[in-house]
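Beneath this line is the structure, given in structure tokens, with notes to follow.
Numbering (my numbering), first residue to last: 29 to 171.
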């Protein structure tokens, strides 16, 4: 049961990451520079809290499934679903912090290029989520 729940939560994580990249990011890039930053800041804060907690829930569930079954694919998926944390902290955080610190009432000519860069880095989160989802599917279909 924990494996099925982990699969559902990992798929939700992946779906949310895909949504950001295919819907929200292109829509925000259509905004003027001030509005772009004004939209990105609260969106990032809310999205980070949601995706971080979903990744932790999926990781805990899949570790329970791995402990119950000793299926290696569950362990591989646990690693994949938690990797967005270090990716964000080590790679994305410098960009995130600069964008968060920008004042939305003043011109920030570098904001657009940084948000474009952020969007490209965010694609890695999709890859980790997809890998985790595939690993969970694989684990659940092993005899």
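Cβ coordinates follow ideal geometry from the N, Cα and C atoms, glycine included.
For residue 123, the enclosing alpha helix (DSSP H) has its first and last residue at 121 to 129. In the three-state reduction of the DSSP assignment, residue 169 falls in the coil class, being assigned neither a helical nor a strand state. Here residue 91 has 106 as same chain residues with Cβ atoms under 7 Å from its own Cβ, once five neighbours each way along the sequence are excluded. Just measuring C-alpha positions, the residue of 31, 66, 51 sitting nearest residue 140 is 66. Straight-line spacing of the CA atoms in residue 127 and residue 136 works out to 9 Å. In this structure residue 96 is not in contact with residue 41, their Cβ atoms being roughly 21 Å apart against a cut-off of 8 Å.
Distance from the CA of residue 112 to the CA of residue 62, rounded to the nearest whole angstrom, comes to 28 Å. Take residue 147, set aside five residues on each side of it, and the residues of its chain with a beta-carbon closer than 7 Å to its own are 49, 53, in chain order. Taking 4 residues as the shortest admissible run, the segment 34 to 82 contains the following complete alpha helix (DSSP H) segments, listed from N- to C-terminal end: 53 to 57.
Annotation: the continuous alpha helix (DSSP H) that includes residue 103 extends over 100 to 110.
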